[in-house]
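These notes are about the structure you will find just below.
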Amino acid sequence: MSRYWSQHVAGLTPYTPGEQPKIERLLKLNTNEHPYGPSPRALEAIRNGAGDELRLYPDNESTALRKAVAEYYGVAPEQVMPGNGSDEVLAHVFNALFRHGDRPLLMPDITYSFYKTYCKLFDIPAKLVPLADDFSICPDDYLNLSEQPAGIIFANPNAPTGMALELEQIERIARGNPDVAVVVDEAYVDFGAKTAISLIDRCPNIVVIHTFSKSRALAGMRVGYGVASREIVEGLLRVKDSFNSYPLDKLAIAAAVASMEDRDYFAAQTQKVVQAREYLSKELETIGFKVLPSKANFVFASHPGHDAAKLAAELRKQGVLVRHFQAPRIDQFLRITVGTREDCERLCNTLSEITQ
Ligand SMILES: *Cc1c(COP(=O)(O)O)cnc(C)c1O
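When we follow this note's numbering, the leftmost residue of the sequence shown carries the number 7, and every step to the right adds one.
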């Protein structure tokens with residue numbers, strides 16, 4: 007606390023990212039990074055871009071990236087909003103679409119915790135809608151609302167449960183709330199869920215958020231984007247250009263474009279992670295864990311006989327990092343990133359020993 011702070015700073019609750027420690031023989035399964043590297047074509051694009059032209063500012067509109075995304079999903083480049091990681095896109099979305107006085111933003115009680123952080127930052131009241139007992143999102147809870155919300159946001163697949171809604175369910179939520187933005191954060195969609203981008207034509211209030219940090223193995227480059235109607239993107243760009251005209255550097259744009267173009271590599275790497283997830287889920291069940299059905303690159307699991315916080319601490323001693331959230335309803339779960347098949351084996355062997 008400093009007397010020089012603006013008043014609202016004291017009231018902020020910053021997001022706590024998973025740790026990035028320096029431990030030897032560390033197995034890092036705590037921040038949902040990809041176990042394999044990015045596309046070799048992305049790396050080549052970075053090397054090719056590392057030259058004299060870096061003295062120039064990058065393209066402020068990230069035109070090449072917007073075109074590549076537009077082509078991939080069959081939308082117009084004007085429907086793509088680029089950002090320095092999807093967290094930045096989310097920040098602009100909160101700022102541009104959810105600030106409606108006292109009207110609350112609806113979100114699941116258990117979801118990506120950054121949403122609450124942005125609510126504080128932008129002074130948006132949050133209304134938490136409890137997940138069902140099986141940890142699924144109930145579309146009915148977002149329909150026939152007694153008061154008009156400021157908007158709706160959820161992750162699909164949801165984090166940290168990994169469970170996904172069907173597109174029909176997302177469409178029902180969007181159609182039931184035609185006057186507010188419905189934001190679907192699809193950070194993990196490539197691992198087995200369906201993207202709601204196909205709904206945007208029919209439901210112009212849907213905003214889809216994607217990141218290059220998870221399925222495209224480029225967390226270190228910081229690239230994300232939103233897809234929405236042209237009108238919504240125009241509003242988001244106004245906020246972006248009132249904050250930072252150049253959120254994406256030249257190397258990030260080049261890497262992201264090359265990654266989008268390398269479809270074969272992407273499909274193969276994604277498939278490997280999905281197979282490892284199925285293996286990991288089965289193995290964990292054999293050890294006695296209850297595992298939620300995941301469509302992401304992580305699983306959310308609890309063991310009836312062992313305290314989750316203790317398990318996480320014990321794993322850490324053995325050089326294996328997983329994520330544990332000290333939060334109501336989920337404090338007996340571990341969120342475990344799907345690594346390589348070998349990573350999964352090491353994790354399961356360690357867990358078998360601990361739980362014996
Ligand atoms: C990882 C994650 C993000 C943030 O991704 P960045 O592009 O790295 O900022 C956003 N939403 C969810 C649900 C995530 O898990």
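Note that CB positions come from ideal geometry on N, CA and C, so glycine has one too.
Problem - Local conformation of aspartate 308 per DSSP, three classes - result: A quick correction: the sequence has serine, not aspartate, at residue 308. Serine 308 sits in a strand when the DSSP states are folded into three classes.
Exercise for the section: Specify the secondary structure class of valine 195 as computed by DSSP and reduced to three states. Expected result: Residue state, collapsed to three classes: helix.
Practice task
Could you tell me the distance, in whole angstroms, from the CA atom of valine 233 to the CA atom of leucine 171?
Solution key: Our two residues, valine 233 and leucine 171, have alpha carbons roughly 19 Å apart in a direct line.
Exercise for the section: Just mark serine 12 as buried or exposed, buried being the case when its beta carbon has 16 or more other beta carbons within 10 Å. Expected result: Burial is judged here by how many other beta carbons sit within 10 angstroms of a residue's own beta carbon; serine 12 has fewer than 16 and is exposed.
Problem - Those runs of the beta strand (DSSP E) which lie wholly inside the region 61-133 and span at least 3 residues - result: With a minimum length of 3 residues, the continuous beta strand (DSSP E) runs that stay inside the region 61-133 are 86-89 and 111-114.
Problem - Contact check, glycine 226 vs isoleucine 29, beta carbons under 7 Å - result: At a Cβ-Cβ threshold of 7 Å, glycine 226 and isoleucine 29 do not count as neighbours.
Problem - Reference threonine 117; option with closest CA among Gly24, Asn150, Asp191 and Arg178 - result: The residue with the shortest Cα to Cα distance from threonine 117 is Asp191.
Handout entry: Sequence-ordered residues whose beta carbon comes within less than 5 Å of a heavy atom of ligand 3
Key = In the structure on display, ligand 3 does not appear, and the ligands it does have are ligand 1.
Practice task
With distances taken Cα to Cα, identify the nearest neighbour of arginine 105 among Leu242, Leu357, Thr356 and Ala273.
Solution key: Minimum Cα-Cα distance from arginine 105 among the listed residues Leu242, Leu357, Thr356 and Ala273 corresponds to Leu242.
Exercise for the section: If I'm right that threonine 276 touches aspartate 196 with Cβ under 8 Å, what's the distance once you round it to whole angstroms? Expected result: At roughly 6 Å, the Cβ-Cβ gap stays under 8 Å, so threonine 276 and aspartate 196 are in contact.
Problem - Local Cβ density within 10 Å of glutamine 85, reported as buried at 16 or more and exposed below that - result: Taking a 10 Å sphere around the C-beta of glutamine 85, we find 16 or more other C-beta atoms and assign the residue as buried.
Exercise for the section: Note down, in chain order, each residue of its chain lying with its Cβ closer than 7 Å to the Cβ of leucine 205, except the 5 sequence neighbours on either side. Expected result: So the list reads Leu173, Ile176, Glu177, Ala180 and Ile212, once near-sequence residues are dropped.
Problem - Nearest-angstrom Cβ-Cβ length linking tyrosine 124 and isoleucine 203, presumed shorter than 8 Å - result: Wrong, their Cβ atoms sit about 22 Å apart, outside the cutoff.
Practice task
List the residues that DSSP assigns as beta-bridge partners of arginine 341.
Solution key: According to DSSP, arginine 341 bridges with Phe306 and Arg329.
Exercise for the section: Quick one: grab the DSSP three-state call for valine 213. Expected result: DSSP places valine 213 in strand when its eight states are reduced to three.
Practice task
Output yes or no for whether 7 Å exceeds the beta carbon distance between glutamine 338 and alanine 314.
Solution key: Yes, these two residues count as a Cβ contact at 7 Å.
Problem - Candidates Ala319, Tyr285, Arg329 and Phe331, of which the one nearest cysteine 354 by Cα - result: Residue nearest to cysteine 354 within the set Ala319, Tyr285, Arg329 and Phe331 is Tyr285 (criterion: CA-CA distance).
Practice task
Label leucine 327 either buried or exposed according to how many other C-beta atoms from any shown protein chain fall within 10 Å of its C-beta, with 16 as the threshold for buried.
Solution key: Under this definition leucine 327 is a buried residue.
Handout entry: Candidates Thr217, Thr37, Pro20 and Ala16: closest to glutamine 26 by CA position
Key = If we check each option's Cα against that of glutamine 26, Thr37 comes out closest.
Exercise for the section: Assuming phenylalanine 304 contacts glycine 168 (C-beta within less than 8 Å), just tell me the rounded distance between them. Expected result: Their Cβ separation, rounded to whole angstroms, is 6 Å, which keeps phenylalanine 304 and glycine 168 in contact under 8 Å.
Practice task
For arginine 208, collect the residues of the same chain with a Cβ closer than 8 Å to its Cβ; drop the 5 residues on either side in sequence, then sort them by chain order.
Solution key: Here the set comprises Glu177.
Practice task
Mind reading off the beta-carbon distance from alanine 307 to leucine 340? Whole number of angstroms is fine, and I expect it under 8 Å.
Solution key: That belief holds up - the Cβ atoms of alanine 307 and leucine 340 are roughly 6 Å apart, short of 8 Å.
Handout entry: Per-residue DSSP class, three states only, for leucine 49
Key = Here leucine 49 sits in helix by DSSP.
Problem - Whole-Å CB distance - isoleucine 215 paired with glycine 198, under 8 Å assumed - result: Contact doesn't hold; Cβ gap of about 18 Å is too wide.
Practice task
Quickly, what does DSSP pair isoleucine 29 with across the bridge? List them, please.
Solution key: Paired residue(s): none; isoleucine 29 is not in a bridge.
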